[in-house]
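J.: Would you mind keeping the following structure in view while I ask a few things?
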Amino acid sequence: MGGLKQLKNYWFFSLKIVIVMVVALIIWGAMIYNRHVILYEKQLNILVNYIYDEVSPDDVTSVYQRFINLDSDYGQRIKKDLGDSLISRYQYYANLYMLRKIEYEEYLQYEQIIEPLFFSSSKVIETIDEVSKYYQSQRAYIKGVNLQQQGFIEEAIEAYGQVMFNDQSYYELAKGRIMQCVQLIKEQYLAEANEFYEQKNYVEAIKRLNYLIDNENDEGITSLRWYYQSEFYLEVMKEIEELIENNQLGFVINFLQEIEPYLGSSYEETLHLKLSEVTLQRAQRRDKALGKYAGKIQVLVNTESNQQVITYNQLALQSSTAFNPVNLATYAFTNIKKGTAEGVDKSMVEQNINVMPYIVANSDITSATMPVVFGYYGQTMNDFDLIELRQNGEAIVSFEMDPSEKRQVWIEDEVIEWITIELSQEEVEQVQQLILQTSDLEIVFKGKYLDYQAPISTLERDLLIMMFEIYQSIVK
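Numbers given in my numbering equal positions in the sequence shown, counted from 1, plus 97.
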């Protein structure tokens, strides 16, 4: 009897377990059905309504978040069932933006939903790229408007020029804006040209008119330019004659070369004739100066740089592929003495020179530079950082120098310390005038702890005068 009761209890217990399992299976099946069928259908309906514009992009955010995981079956089902329709709807809004029917921010809501899900779709990729071009076109137009409002007219034209031809809305607007800007520039440049003309600044006046003519074929502006050029030509010829009278031949040549583009073809032949005439005069002047000092100079050919170096002929230097200023300085400061000079103490006369000028010219000696080597040879290194020419203890001329360009060479227990300074035309004239006016000059190398000073000898004066005269015959 007891065994039968236990069997009965066991049977009821098993039945309960079966019932619980069946209920659990039913609930689990319902959940699966709800997730994969009912929920899918609900969210599918939401997306369908979205496609037909019955819900806003914001309403599909939760649905979108469910199928954003592209590896899930759910996402794949959405893409399979509605992919083409979603892409078509996205393209519809993209077209609305490109037609400027909606703002970029509204379009962007659709792109942000579609692009992550269909990032590998060629249709989506192409559409995004196309929209980007229209967006940049829009930005270019807005940038142009801002620049125009700020008065940056030429920059605004450049920005408007980046608006796409296919961007019909903004292209027409940009074209109209460009016409406004061109008119503004025309008015501005005409006003500036007239102002420069009144100031007799013909080059700047003609520059303004050239700009307008290059961008617009306006006969009125062309005629105005011709009038400016004719007056400019008369002024040029008058100024050139004055410069020639003052022997400023080098300046005339440079001046003619600079102004030629602004006088136009009408005066081209006349200018070339005048340029040839002045160039010949300068060559004759140069040859005269070289002939005058032929017995005191040597011309070294520097084949590597295609230059000619004019130096004092007592320097033991030879033509070579590369002129070496170190050799010049070393030989000059160790071998050439100041020489005999009236009124100078004998001990000073026996000193080595402190100044050695030379000229570096181009191959046909039509342009040149004027380097001067300043230095001394002695037992003490002065480590100078300033050079002065003094008269009666007062500094008359100072030479700016770059300390890094200074050189020192030790020869046994003595040192040569020097620097090469390239003088400008103004500095050449200043030093030349000083030397011609006084004979009691001294050179001072100002050091950190002591100064080195010595008189400028007759030889050094003569070398400076000679090289300055040759240099000016080439460039002045």
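Beta carbons: idealized from backbone N, C-alpha and C, even for Gly.
1. If you draw a straight line from the alpha carbon of Val228 to that of Ile239, how long is it in whole angstroms?
2. Does the region 551–570 come into contact with the region 362–373, if we say contact requires no fewer than three beta-carbon pairs (one atom in each stretch) closer than 8 Å?
3. Locate the beta strand (DSSP E) running through Ala458, then write down its first and last residues.
4. Within the chosen definition, does the region 350–370 reach the region 518–532 through at least 3 CB pairs nearer than 8 Å?
5. In the DSSP assignment, find the unbroken alpha helix (DSSP H) run with Ala237 in it and report its ends.
6. Using a C-beta cutoff of 8 Å, does Thr535 count as contacting chain B?
7. How would you label Leu196, buried or exposed, when you count the other beta carbons within 10 angstroms and need 16 or more for buried?
8. Alpha helix (DSSP H) containing Gly347: first to last residue?
9. Is the beta carbon of Leu205 less than 8 Å from the beta carbon of Ile199?
10. In this structure, how does DSSP classify Val260 when only helix, strand and coil are distinguished?
11. Which stretch, first to last residue, makes up the alpha helix (DSSP H) that contains Ser320?
12. Give me the Cα-Cα distance between Ile341 and Tyr299, rounded to the nearest whole angstrom.
13. With DSSP run on the structure shown, which of helix, strand or coil describes Asn489?
14. On a CA-only basis, which of Cys278, Arg236, Ala271 is nearest Gln247? Give me that one, please.
15. Return yes when the Cβ of Leu309 is within less than 8 Å of the Cβ of Tyr286, no when it is not.
16. Would you decide whether Gly347 is buried or exposed? Buried here means 16 or more other CB atoms lie within 10 Å of its CB.
17. With DSSP as the reference, identify every bridge partner of Asn449, one or two as the case may be.
18. Apart from the five residues just before and just after Asn459, which ones in its own chain have a Cβ nearer than 8 Å to its Cβ?
19. For Lys435, tell me which candidate among Asp181, Gly258, Ile540, Gln530 has the shortest Cα-Cα distance.
20. Just the C-alpha distance for Gln259 and Val398, rounded to the nearest angstrom, thanks.
T.: Let me lay it out:
1. Going from the Cα of Val228 to the Cα of Ile239 covers about 17 Å.
2. Here the region 551–570 does not lie against the region 362–373, with fewer than 3 beta-carbon pairs under 8 Å apart.
3. Residues 456–459.
4. Verdict: no, contact absent.
5. Residue range 219–246 is occupied by the alpha helix (DSSP H) that includes Ala237.
6. Protein chains in the displayed structure number just one, and chain B is not present.
7. With fewer than 16 other Cβ atoms within 10 Å, it is exposed.
8. Taken as a continuous stretch (DSSP letters only), the alpha helix (DSSP H) holding Gly347 covers 346–360.
9. No, these two residues do not count as a Cβ contact at 8 Å.
10. Three-state result, Val260: coil.
11. For Ser320, the enclosing alpha helix (DSSP H) begins and ends at 316–342.
12. Using only the alpha carbons, I get a separation of about 21 Å.
13. Reduced to three states, the DSSP call for Asn489 is coil.
14. Checked all of Cys278, Arg236, Ala271; the closest Cα to Gln247 is Cys278.
15. Yes, the pair counts as a contact, with Cβ atoms nearer than the cut-off.
16. Buried is the call here.
17. In DSSP, Asn449 forms a bridge with Lys434.
18. Excluding residues within five positions, the ones whose Cβ falls inside 8 Å are Asn403, Gln404, Gln405, Ala465.
19. Ranking the options by Cα distance to Lys435, first place goes to Ile540.
20. One C-alpha to the other measures close to 55 Å.
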